[in-house]
Each structure stands twice: as C-alpha cells, then as structure tokens.
Amino acid sequence: LTVIKEACDNEATPYYAMIICVWGTLFLELWKRKTSTLAYEWDVDEFEATEPDRPEFYGTKAREVTLLVRLLRSTREEGVTFVQYLLHDNETQ
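Under full-length UniProt numbering, the first residue of the sequence shown carries the number 1, and numbering increases by one thereafter.
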C-alpha cells in the first residue's frame, strides 16, 4: 500500500492513469478499424491467404544461419578472424 502511495506523488496521477488507459484502448480499437477499412478498400484483406508460395524463394534466414554456422566452425578450426572470414566469403561470391 505504501508503494502505491509513493508512486502517486500527485493527486491527479490516478486520474491521469485512467485517462491514458482509456485513450490507449480507444486508439488501438480505432486503429484496427482503420486498418481493416484500408485493407478492404485496397482489396488486400485476405492477401496472405490468397498469395501462393513462390518456389524460387530460398529465404534469407536459412542463409544467415548457414553463414553463422560456417563462420563459427571455420574460426574455431582454422583460427581465422571474423574480418578475414568475411573478406574471404565476399571474394568467393
């Protein structure tokens, strides 16, 4: 109870907190409404459901993980620095 009293250094603080809570809730609900309206107008409301997978897309996350694994293995085994590895990797591409 004393922690709450210490946090409220001003008598208006609880009222301010309530106003911020109401404002945040209203803002988020109105934002969801606005995005839904824009998605409907631009006909992208079901974009992810109708977009087919592209077989030529390999992904960037898998490449980053592969590069990181190669980096860790090579620096541990060969004793090369990070900069040397990056320079060597860029020369081979």
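Quick reminder that beta carbons are idealized off the backbone N, C-alpha and C, glycines included.
Measuring only the C-alpha atoms, how far is Val46 from Lys5?
The question names Val, but residue 46 in the sequence shown is Glu. Between Glu46 and Lys5, the C-alpha separation is close to 49 angstroms.
Unbroken alpha helix (DSSP H) run spanning Pro52, endpoints
That residue, Pro52, is in no alpha helix (DSSP H); it is neither H nor E in DSSP.
With Glu46 as the anchor, note down where its alpha helix (DSSP H) starts and where it stops.
Taken as a continuous stretch (DSSP letters only), Glu46 belongs to no alpha helix (DSSP H), as it is neither H nor E.
Express the C-alpha separation of Ile20 and Cys8 in angstroms, rounding to a whole number.
15 angstroms
For Ala39, three-class secondary structure by DSSP
helix
For Ala12, which residues from the same chain have a beta carbon less than 8 angstroms from its beta carbon, with the 5 sequence-adjacent residues on both sides left out?
none
DSSP state of Glu6 mapped onto helix, strand, coil
helix
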